[in-house]
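Novice: Top line first, the protein sequences correspond to chains Z and R. So in this note's numbering the end of the first sequence lands on 131, straight run, no missing numbers. So in this note's numbering the end of the second sequence lands on 131, straight run, no missing numbers. Pasting in a structure now, in structure tokens, and then I'll have a few things to ask.
Number of protein chains: 2
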Amino acid sequence: MKISTRGRYALIIMINLALANTTVSLKDIAYNEHLPIKYLEKIMALLVKSNLVKSIRGKDGGYTLVKFPNDYSIGEILRASEGEIKSRACDTDNCEKQDTCPTIKFFDGLYREINEYIDNKKLSDLIKEVK
Amino acid sequence: MKISTRGRYALIIMINLALANTTVSLKDIAYNEHLPIKYLEKIMALLVKSNLVKSIRGKDGGYTLVKFPNDYSIGEILRASEGEIKSRACDTDNCEKQDTCPTIKFFDGLYREINEYIDNKKLSDLIKEVK
DNA sequence: ATATAATACTACCTTTTTGGTAGGAATTGC
DNA sequence: GCAATTCCTACCAAAAAGGTAGTATTATAT
């Protein structure tokens with residue numbers, strides 16, 4: 001029930017890209033944020049794969065956003081980096097009361113709330129406070 | 001960002017206690033729910049330690065609630081079993097921007113929402129659907 | 001052209017958390 | 001005293017989290 005650093009680092013990366021108008025290298029982000037570049041690299045790969053950022057290879061390459069900051073929801077960034085935000089599935093084969101289980105219903109409702117919250121917040125909301 | 005089975009099993013235990021008017025043994029709960037008794041034992045220990053349930057030792061012993069089902073919030077049950085529901089702390093010593101970090105602020109807001117949601121739901125809300 | 005600086009890919013690794021299991025000691029009703 | 005229960009301690013395996021290392025590939029500046 002805890003957000004891992006992976007999702008948080010993904011947000012930090014996105015904030016860095018949003019604040020820069022130019023292409024930014026991972027090296028710069030890692031340096032600015034004092035975060036391990038090799039780990040950021042793995043997280044960035046997830047963001048690229050989900051088409052949240054565009055990569056430019058070769059010398060003077062780096063990454064840029066593909067949309068305006070207010071067109072990114074925090075939700076899509078977290079889902080790209082952490083995977084679906086939902087309750088751990090229970091072993092449905094083993095459980096005959098899948099459909100009526102009150103705990104499953106409860107968690108479905110909770111995660112609906114969470115996803116709504118993170119989808120309504122935009123990347124631009126986060127950078128307002130930084131500027 | 002996923003609720004583990006520990007919290008879910010804790011809820012299941014509490015639902016079982018709420019539906020029974022008598023003392024219930026762990027063996028019965030494990031049997032009814034097809035869950036491993038030894039694992040439930042560990043979860044139950046957390047619930048007892050947090051004073052959410054009362055244990056009766058010896059033959060014909062078991063567990064009972066200490067309050068009415070509508071006096072238990074789901075939040076207190078989940079916190080007893082899973083620990084505090086909050087974002088993983090970042091290494092504050094290492095980070096000089098602790099106070100202004102927009103990601104921390106964001107997650108604080110998210111977890112405030114989550115805790116509000118789980119505190120407003122009561123154990124009695126879950127058993128309504130079962131009865 | 002070529003050195004350089006960047007991303008992309010693959011593989012590994014350590015620590016923590018999760019989800020258990022095993023065995024026995026202590027307690028209590030009958 | 002026996003049986004049925006909780007309590008306690010220790011252990012364990014699998015998965016996830018949080019990295020690290022090395023190399024291949026690409027593209028640009030010069």
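Built from N, CA and C at the ideal position, the CB exists for glycine as well. Note that this is a predicted model, so its numbers are computed, not measured.
For serine 50 of chain Z, name the three-state secondary structure that DSSP assigns.
Specialist: Here serine 50 of chain Z sits in coil by DSSP.
Novice: Going along the chain, which residues of its own chain have a beta-carbon closer than 7 Å to the beta-carbon of asparagine 32 of chain R, five neighbours each way excluded?
Specialist: Counting only Cβ-Cβ distances below 7 Å, and skipping sequence neighbours, we find Asn16.
Novice: Are the segment 35 to 47 of chain Z and the segment 77 to 90 of chain Z in contact at 8 Å, needing three or more beta carbon pairs?
Specialist: Short answer: they touch.
Novice: Does the beta carbon of threonine 5 of chain Z sit closer than 8 Å to a beta carbon anywhere in chain R?
Specialist: Yes, its Cβ sits closer than 8 Å to a Cβ of chain R.
Novice: Flag this pair as touching only if the segment 112 to 119 of chain R and the segment 59 to 67 of chain R have three or more C-beta atom pairs under 8 Å; answer yes or no.
Specialist: With a cut-off of 8 Å, the segment 59 to 67 of chain R and the segment 112 to 119 of chain R do not count as touching, because too few Cβ pairs lie within range.
Novice: Less than 8 Å between CB atoms is the rule here; does isoleucine 13 of chain Z satisfy it with respect to chain R?
Specialist: For isoleucine 13 of chain Z, the answer is no, since every Cβ of chain R falls outside 8 Å of its Cβ.
Novice: Report yes or no: is there a C-beta of chain R within less than 8 Å of the C-beta of isoleucine 114 of chain Z?
Specialist: Yes, its Cβ sits closer than 8 Å to a Cβ of chain R.
Novice: Whose CA, out of R:Arg57, R:Tyr39 and R:Ser25, lies closest to the CA of threonine 5 of chain R?
Specialist: Selected option, being the one with the closest Cα: R:Tyr39.
Novice: Let me know the secondary structure DSSP gives glycine 75 of chain R once reduced to three states.
Specialist: Reduced to three states, the DSSP call for glycine 75 of chain R is helix.
Novice: Report yes if the C-beta distance between glycine 61 of chain R and serine 25 of chain R is below 8 Å; otherwise report no.
Specialist: Yes, these two residues count as a Cβ contact at 8 Å.
Novice: Quick check on the burial criterion: 16 or more other C-beta atoms within 10 angstroms. Buried or exposed for glycine 109 of chain Z?
Specialist: Per the 10 Å Cβ criterion, exposed.
Novice: In terms of residue numbering, what span does the beta strand (DSSP E) encompassing threonine 64 of chain R cover?
Specialist: Where threonine 64 of chain R is concerned, the enclosing beta strand (DSSP E) stretches over 62 to 65.
Novice: What does isoleucine 37 of chain R reach in chain Z if we use C-beta pairs closer than 9 Å?
Specialist: The contacting residues do not exist; isoleucine 37 of chain R stays about 15 Å from chain Z at best.
Novice: Where DSSP assigns a beta bridge to serine 25 of chain Z, which residues make up the other side?
Specialist: Its beta-bridge partners do not exist; DSSP assigns none.
Novice: Would you tell me roughly how many angstroms separate the C-alpha atoms of alanine 10 of chain R and asparagine 21 of chain R, rounded to the nearest one?
Specialist: Looking at the two C-alpha atoms, the distance is approximately 18 Å.
Novice: DSSP three-state label for isoleucine 56 of chain R, please.
Specialist: Here isoleucine 56 of chain R sits in strand by DSSP.
Novice: Going by CA-CA distance only, name the one from R:Cys101, R:Lys121 and R:Leu126 that's closest to lysine 128 of chain Z.
Specialist: Closest by alpha carbon: R:Cys101.
Novice: Find the nearest neighbour of aspartate 125 of chain R within the set R:Lys2, R:Met1 and R:Leu19, judged by alpha-carbon distance.
Specialist: Among R:Lys2, R:Met1 and R:Leu19, the Cα nearest to that of aspartate 125 of chain R is on R:Leu19.
Novice: Whose CA, out of R:Ser73, R:Glu76 and R:Phe107, lies closest to the CA of arginine 88 of chain R?
Specialist: It is R:Phe107 whose Cα lies nearest to the Cα of arginine 88 of chain R.
Novice: Using 8 Å for Cβ pairs, my map puts lysine 121 of chain Z next to isoleucine 74 of chain Z. What's the rounded Cβ distance?
Specialist: Indeed, because the Cβ distance is near 4 Å, the residues count as touching under 8 Å.
Novice: Identify, in the order they occur along the chain, each residue of the same chain with its Cβ nearer than 7 Å to the Cβ of lysine 86 of chain R, setting aside the five sequence neighbours on each side.
Specialist: So the qualifying residues of the chain are Tyr111.
Novice: Of all Cβ atoms in chain Z, is any one closer than 8 Å to the Cβ of proline 69 of chain R?
Specialist: So, not an interface residue.
Novice: Determine the closest residue to glutamate 41 of chain Z out of Z:Asn51, Z:Ile3 and Z:Lys27, with distance taken between C-alpha atoms.
Specialist: Comparing Cα positions, the closest option is Z:Lys27.
Novice: Note down the Cα distance separating isoleucine 77 of chain R from glycine 7 of chain Z, rounded to an integer number of angstroms.
Specialist: Going by the C-alpha atoms only, they are around 26 Å apart.
Novice: Cα separation between proline 36 of chain R and methionine 14 of chain Z?
Specialist: Their Cα atoms are separated by approximately 43 Å.
Novice: So, is the C-beta of methionine 44 of chain Z closer than 8 Å to a C-beta in chain R?
Specialist: Answer no: the Cβ-Cβ gap between methionine 44 of chain Z and chain R never drops below 8 Å.
Novice: Kindly say whether tyrosine 117 of chain R, judged by its beta-carbon, lies nearer than 8 Å to any beta-carbon of chain Z.
Specialist: Judged by the 8 Å Cβ criterion, tyrosine 117 of chain R is in contact with chain Z.
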